[in-house]
Amino acid sequence: MDDYRFEQAYRDYQNGRYPQAIDVLKELLTHDPNHAGYHGLLAASLLAQKRLYAAEYEIGIALQQEPHNPYLLLIKARITLFNNALTNAMACCDDALRINPELVDALLLKGDLYNLMDKREQQLSCIQQALALDPDSVKTLTAMGEYYHATGQMEQALATAQSALAASPENADANILMGNIQLARGNSEEASDHARFAILQNPESREALTLLSNIKARSNWFLGLWWRLNSKMSTLSNLQTGLVLIIAYLVFNLLSLILRDFGFVQVSRVVSFAWMALAIYSWVALPIYYKQLKKELEKFQFNRDY
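Position 28, counted from 1, in the sequence shown is what the UniProt record's numbering calls 28; the numbers after and before it change by one each time, with no gaps.
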């Protein structure tokens, strides 16, 4: 009976139904308070709800029972990542992979870490290794789709997101991925449907609420242009973004100088004014967007009690 309930909790966790998973695991721990697997999955579910201290407490108990369990080391890596300790998180992933080289979740997390380090090639390599090990998993398909979306490969992203939803139509992450893709394609209504469905699965999903905020920003008369520019820039690496901004600045200044040399002083002033206006607009739009996002997040009361 307990094994069945644990499988149920794991399915709930996999599909983003974290509150349901937590309830089942707490019940199981009343029967077996020293079960490392129960504590580990509970830690992962709590972390998914951003309940960091409770997650740290649970993974600590789990690792006391089984210090060389690769799955528990992986959960510890995720908690460490949440604390922005990228090097330590990578070390935990490597420890887990040394014990189990075919641990798909560890490969996917390494990919996420490489993405944060702006190492796209290494990120892709990790995702491809995970996909080769588990080609039909919603997790690996979603990770591949997110990579395609982040790098601007929208057709591949759409096809991969469709495969992920076919594997698990109720998966919150797959629905958020499809929502982001549909928004990038200009289909705001479809994007909103996927965002709201993801929130039904996990009412505390920051990613789903961020997607809803992006939908509003895209349709907003003031934020719309900024959102489109920001979406295009987000597909570039940090180095590419810096180069684009430098080139744009040089082009504007060069154009202004050429216009002055040919006697078009007024036009040159208009160009200079346009550049300044764009810079001010970008500077003003960003805090407005984050204020809107904060408002969306504050509509939901997060239960951080354990």
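For glycine and all other residues, C-beta sits at the position ideal for the given N, C-alpha and C.
- By the Cβ-count criterion, K50 is exposed, with fewer than 16 other Cβ atoms from all chains shown falling within 10 Å of its own Cβ.
- A contact between stretches requires three or more CB pairs, one per stretch, nearer than 8 Å, and the segment 82-91 fails this requirement with the segment 60-67.
- Between the alpha carbons of G145 and E56 lies a distance of about 30 Å.
- Rounded to whole angstroms, the separation of the alpha carbons of L158 and G152 is 11 Å.
- Non-local beta-carbon contacts of I127 in its own chain, meaning distances under 8 Å to residues more than five positions away in sequence, involve L107, L108, G111, T140, A143, M144 and Y147 in chain order.
- Counting along the chain, the unbroken alpha helix (DSSP H) around N180 starts and ends at A172 to A184.
- Under the DSSP assignment, N115 falls in the alpha helix (DSSP H) whose first and last residues are V104 to L116.
- Looking only at A36, A77 and A198, the smallest Cα-Cα distance to Q14 is reached by A198.
- With respect to I79, I59 sits close: the two C-beta atoms are nearer than 8 Å.
- Cβ atoms of R206 and L183 stay farther apart than 8 Å, at about 16 Å.
- Taking 8 Å as the cut-off, the beta carbon of L73 is found no closer than this to the beta carbon of S45.
- Within a 10 Å sphere around the beta-carbon of L211 sit 16 or more other beta-carbons, which makes this residue buried.
- Nearest to P169 by C-alpha distance, out of S137, N187, S188 and E155, is S137.
- Contact between I75 and A54 fails: their C-beta atoms lie close to 13 Å from each other, not under 8 Å.
- Minimum Cα-Cα distance from D3 among the listed residues L28, F252 and Y71 corresponds to L28.
- In this structure, the CA atom of N115 is about 25 Å from the CA atom of L41.
- Look at P67 here: in three-state DSSP terms it is coil, with no helix or strand label.
- Taking S192 as reference, the option from Q201, P203 and I176 with the minimal CA-CA separation is I176.
- In the DSSP assignment, N253 falls within the unbroken alpha helix (DSSP H) covering N238 to D261.
- Along the length of the UniProt repeat "TPR" (138-171), whole beta strand (DSSP E) runs at least 3 residues long do not occur.
- Contact check for D118 and S237: beta-carbon distance about 6 Å, within the 8 Å limit, so the pair qualifies.
- Approximately 19 Å separates the beta-carbon atoms of F82 and L103; this is outside 8 Å, ruling out the contact.
- Here D32 carries a coil assignment [DSSP, helix/strand/coil].
- Taking the CA atoms as reference points, Y18 sits about 19 Å from L165.
- In this structure Q201 does not touch G37 by the C-beta definition: roughly 23 Å separates them, more than the 8 Å allowed.
- Burial check for A195: the Cβ neighbour count within 10 Å reaches 16 or more, so the residue is buried.
- A straight line joining the alpha-carbon of N69 with that of A174 spans about 28 Å.
- It is roughly 11 Å from the alpha-carbon of D12 to the alpha-carbon of R5.
- If you draw a straight line from the Cα of R260 to the Cα of A248, it comes to about 19 Å.
- For the 8 Å CB-CB criterion, A172 and A150 do not form a contact.
- For S213, the uninterrupted alpha helix (DSSP H) run begins and ends at R206 to S219, by DSSP.
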